[in-house]
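Colleague: Chains as they are written, first to last, in this note's numbering: chain P, 67 to 226; chain X, 126 to 517. Take a look at this one; I'll ask things after.
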C-alpha cells in the first residue's frame, strides 16, 4: 500500500513537515500528492474517531442485516440509495454471504433504533427481512484500541 | 553482628552502581510520563516465533539444553552468518549460545583479561563493559569518541590510548546511545591498529541488523585478518524484538569459545530452552520480520532527527540502533539538569548522555522505539520546553 495513505489513514493530523521527514520526500511533492488524492476522491475526508461512550449523551449503534429483492434494472443500487438516504444510517455495505446489506445505524436509545428499523427499513418495498444486532462493547475501531484495560500499556521497564 | 563490609568482595564493592537509577526512579514514580528512554523494541516478538515457543512448551520440551546451545540453533546461527556476512563459523567449536548478549560480553571479557591488562572502551557506550572489566581485575581505558567524527572510533584515537598493557578492544557499533555506525573503511582503519599492536577485539554487534542508509552492517570479523582476533557478540533481543527471552550468542576462534564455554557451563549451565526453540524459528523464517521492523524504525528515525534539527539542537545523523543523541549544550544546562527539567515540566523522559560515560555530558539519549504518534507528541513537548528555556 502507498506509505503516505497508510500513514494518513492511521493519523490524518501529521503535518506535511512531519510527513516529509518520515517518508524522506519533499514537502511540496507530498502536499501535491495529498491534494490529488483529495481531488480524485481517494481521500474522502478526515474525521475524528470518537469514543461516544465517554460523551454524556451517548449513542447506541446497531448492525442490521437486510435481505432484499434486487430490482430488475438497477440491481442492488437503487435499494442501497433508498437505505443510505436516511440520516440514521452511518454506513452501508453490500455483502457476500447469507444476507445482502449490512447497515450501521445509530440512535439515542435502543428503542429509537428499533423503531427506525421497524418503521423505515422493514417497510421498504424490496426488503424481505431484517435482523438487528446491537453493539455492546467496542474493542477496536479504525485500527484504534478502545479496550481500556492495561493490556496495551507500555509495560517495558526502564533499562538502558 | 555481621560485618558485611568485611564479608563482601572489595573489587565488587568498588564498582560504581549505575548512576542512572536515581533518574529512572523519578520517572517511574511520576504519572502520565511520555517516555523516550526505553532501550528495547516496542514491537512484540513476531507471532510465528512466539508460537514456536508455545508449541515446544505444550509438548513439554522443558529440559536443559547442551551447554553450548542446541546444535540446530548453532547451525542456524552459522548459516545466518554465511548468508548475511559471508562468514564461516563452525557450529560445533566456534559458536556459544548465551543468556542474552550481556552474558556473552561478560564471559568473553572474563576469559580474556586479568589483572594488569587494559581494556580499550570507546565511550559513550552501553554501561556494562567498564564494570565487567573492573570485576575481572583489569583496567578500563576510556576512549572518548567525538560528535565531529559522528561518534565513530578513529584509528588515531585508538592508537593514542594503546600501551604495552592493552589487550582487548571493545567495538560497540552500531552504538547505544549515539546510533553511530562504523562503515567498512572505518573498520579497516581500526583493523590495521589492532594487528599492529596484537589486540583482541570484542565486537558487540547486537544492533547490527538495525543499520540504515542503504549500506548493510559490516561485521568486524569480515575485515581481512580480523576473524581470528575477534569475538562477535550478537543476539535476538534487538533484531527480532526478543529481549525478554534472554538469548544471545558469541562467535569466535575455537580456543576462545572453548574457555568461554567453560565459564558459561559452570556459572549458567545453558541458555533458556524455550527461547532457543523460538530462536531457531526466528533465524529460519524471520528475515522479513527484521526488514519490516527496520522500515518502521527508519521512518521514526527520520522524524526524530529531523525534528531535533528543526528545533535547533544539533544532532548528527545516527545510522544504527534506535537512538539519537542530540547535543543540548546550547541550552546552557547540563544533561541531568536538562532531563530533570524536561520530566518535571513536560513529563517527558529522556536519558542524560553522561549515563553512558562522562563524555556523554552535554547530550541526551532519545530512543525512537515508539509509535510515530507517541514520538510526535513527545517531540512537541520537547519543543515547548526548549522555547520556555530560551525565554527564561
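Positions of the beta carbon are idealized from the N, C-alpha and C atoms, including for glycine.
My output table needs one value for residue 299/X: the three-state DSSP class, helix, strand or coil.
Modeller: coil
Colleague: Taking 7 Å as the threshold (beta carbon to beta carbon), is residue 525/X in contact with chain P?
Modeller: Any property of residue 525/X remains undetermined from this structure, which presents chain X solely from 126 to 517.
Colleague: For a contact defined as C-beta to C-beta under 7 Å, what are the partners of residue 84/P on chain X?
Modeller: 428, 501
Colleague: List, in chain order, every chain X residue whose beta-carbon is nearer than 8 Å to that of residue 90/P.
Modeller: Within 8 Å Cβ-Cβ: 427.
Colleague: Which parts of the stretch 214–268 of chain X are runs of the beta strand (DSSP E), unbroken and 3 residues or longer, counting only runs that do not cross its ends?
Modeller: Considered as a whole, the stretch 214–268 of chain X harbours 220–223, 243–248 as its complete beta strand (DSSP E) runs of no fewer than 3 residues, in chain order.
Colleague: Round the Cβ separation of residue 196/P and residue 130/P to the nearest angstrom and send it over; I've been treating them as touching at under 8 Å.
Modeller: 6 Å
Colleague: Hey, quick one: how far does the beta strand (DSSP E) through residue 78/X stretch, first residue to last?
Modeller: The requested residue 78/X does not occur in the structure, where chain X is confined to residues 126 to 517.
Colleague: Run through the DSSP bridge pairs and tell me what residue 129/P is partnered with.
Modeller: 170/P, 199/P
Colleague: Give the interface partners of residue 432/X over in chain P, defined as CB-CB distance under 9 Å, in chain order.
Modeller: 83, 84, 87
Colleague: Taking 7 Å as the threshold (beta carbon to beta carbon), is residue 424/X in contact with chain P?
Modeller: yes
Colleague: What residues are listed by DSSP as bridge partners for residue 326/X?
Modeller: Residue pairing by DSSP puts residue 326/X in a beta bridge opposite 294/X, 355/X.
Colleague: When DSSP labels each residue in this structure, what does residue 457/X get in the three-state scheme?
Modeller: coil
Colleague: What would DSSP say about residue 150/X, mapped onto helix, strand or coil?
Modeller: helix
Colleague: Specify, as a first and last residue, the run of the beta strand (DSSP E) that residue 159/P falls within.
Modeller: 155–160
Colleague: Specify whether the stretch 394–407 of chain X and the stretch 262–275 of chain X touch according to this definition: at least 3 beta carbon pairs, one from each stretch, less than 8 Å apart.
Modeller: no
Colleague: So which of 322/X, 316/X, 310/X, 384/X has the shortest CA-CA distance to residue 340/X?
Modeller: Residue 310/X is the option with its Cα nearest to residue 340/X.
Colleague: For the beta strand (DSSP E) that residue 376/X lies in, which residues bound it at each end?
Modeller: 373–376
Colleague: Give the interface partners of residue 105/P over in chain X, defined as CB-CB distance under 7 Å, in chain order.
Modeller: Neighbours of residue 105/P in chain X, taken as residues whose beta carbon is under 7 Å from its own, are absent, since the nearest beta carbon is some 26 Å off.
Colleague: Taking only beta-carbon positions, decide if residue 143/P is within less than 7 Å of chain X.
Modeller: Chain X, which has no Cβ nearer than 7 Å to the Cβ of residue 143/P, makes this no.
Colleague: Taking only beta-carbon positions, decide if residue 498/X is within less than 7 Å of chain P.
Modeller: yes
Colleague: Going by DSSP, what residue range makes up the alpha helix (DSSP H) through residue 149/P?
Modeller: 143–150
Colleague: If we call anything under 7 Å between Cβ atoms a contact, is residue 481/X one with residue 249/X?
Modeller: yes
Colleague: Enumerate in chain order the residues of its own chain whose CB-to-CB distance from residue 503/X is below 6 Å, with the five nearest sequence positions on each side excluded.
Modeller: Cβ within range, chain order: 159, 161, 473.
Colleague: Would you list the one or two residues that DSSP bridges to residue 448/X?
Modeller: For residue 448/X, which the question treats as bridged, DSSP gives the partners 492/X.
Colleague: Out of 362/X, 426/X, 231/X, which has the shortest C-alpha to C-alpha gap to residue 388/X?
Modeller: 231/X
Colleague: Under the DSSP definition of a beta bridge, which residues are partnered with residue 206/P?
Modeller: 211/P
Colleague: Taking the C-alpha atoms as reference points, what is the distance between residue 459/X and residue 224/X?
Modeller: 36 Å
Colleague: Within a Cβ cutoff of 7 Å, which residues of the same chain sit near residue 214/X, ignoring the five residues on either side of it in sequence?
Modeller: 203, 206, 220, 376
Colleague: Determine the burial state of residue 199/P: buried for a count of at least 16 other Cβ atoms within 10 Å of its Cβ, exposed for fewer.
Modeller: exposed
Colleague: Tell me, please, which residues DSSP counts as bridged to residue 476/X.
Modeller: 490/X
Colleague: In the DSSP assignment, the alpha helix (DSSP H) including residue 524/X goes from what residue to what residue?
Modeller: The structure shown has nothing for residue 524/X, since chain X only spans 126 to 517.
Colleague: Under 7 Å, do residue 296/X and residue 344/X count as touching if we go by C-beta distance?
Modeller: no
Colleague: Out of 441/X, 381/X, 168/X, 401/X, point me to the one whose CA is closest to residue 200/X's CA.
Modeller: 401/X
Colleague: What does a CB cutoff of less than 7 Å around residue 500/X pick up in its chain, not counting 5 residues either side in sequence?
Modeller: 425, 428, 429, 493
Colleague: Going by C-alpha to C-alpha distance, which of 246/X, 171/X, 403/X sits closest to residue 519/X?
Modeller: An answer regarding residue 519/X cannot be provided, because it is not within the stretch 126 to 517 covered by chain X.
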